[in-house]
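Here the sequence shown is numbered in the UniProt record's numbering, starting from 1 and rising by one per residue.
For glycine and all other residues, C-beta sits at the position ideal for the given N, C-alpha and C.
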Amino acid sequence: MKNHFEIKEVKKDKERIYFDFFIDKKALSERLSINRFDLSYCDFDLDTFEVDKFKFPNYDRSKVNKNAVFQFLGNHKPLNQFKTNRIVLYRCHCGCDYCGVISFNLEKQDDLIVWKDITYEDDDFEYEEEMGNIGIKPIKELMFDRRAYELAFENYLKKYCA
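Printed below as a string of structure tokens:
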């Protein structure tokens with residue numbers, strides 16, 4: 001069964017727009033039983049914000065956003081600090097994957113995009129043992145219509161990364 005996929009703003013203030021994926025009209029963070037705004041999972045690569053160009057002259061947030069989109073589309077190799085080829089969904093506020101992330105494996109098929117093993121990941125790979133300690137509900141698999149999925153990311157790029 002195919003799942004319905006959307007990218008939506010979940011919070012907006014004058015400096016930042018927070019996003020989440022909505023699967024069958026429910027936020028992915030809710031499905032995983034995580035708080036999207038808890039410091040442990042508040043870094044989401046599609047969030048947009050203005051950066052102080054004086055302090056960080058070479059930082060371009062739109063490049064981060066675009067690279068994330070290309071990973072979600074399966075066009076770029078996933079980048080995470082564990083080198084596991086898993087795509088990071090949520091990470092802690094400091095941006096370090098070693099604090100623990102929520103990640104998944106992406107599989108592209110002719111007319112489907114499949115997310116597999118959506119779960120917690122850290123550098124010791126003791127997922128099952130840690131799941132009970134941190135309260136995350138792993139998701140075995142989500143399947144999306146490939147064209148609708150790609151269109152959601154195209155629309156995100158046009159609106160937020162132009």
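Beta-carbon proximity check, residue i vs residue j, cutoff 7 Å
| i | j | result |
| --- | --- | --- |
| Leu-112 | Arg-146 | yes |
| residue 192 | Leu-73 | In the structure displayed, the chain extends from 1 to 162; residue 192 sits before or after that span and is not available. |
| Val-101 | Val-114 | no |
| Asn-3 | Phe-104 | no |
Three-state class that DSSP yields for residue i in the structure shown
| i | result |
| --- | --- |
| Asp-145 | strand |
| Lys-66 | helix |
| Ile-136 | coil |
| Asn-105 | strand |
| Arg-31 | helix |
| Arg-61 | helix |
| Tyr-156 | helix |
Inter-residue CB distance, residue i and residue j (contact presumed, cutoff 8 Å)
| i | j | result |
| --- | --- | --- |
| Tyr-90 | Asp-122 | About 13 Å; that fails the 8 Å criterion. |
| Lys-76 | Phe-70 | The amino acid occupying residue 76 in the given sequence is His; Lys does not appear at that position. About 4 Å separates the two Cβ atoms, so the contact holds. |
Identity of the residues DSSP links to residue i by a beta bridge
| i | result |
| --- | --- |
| Asp-20 | Lys-8 |
| Val-51 | In the DSSP output, where bridge partners are listed per residue, Val-51 has none listed. |
| Lys-77 | According to DSSP, which records beta bridges pairwise, Lys-77 is partnered with nothing at all. |
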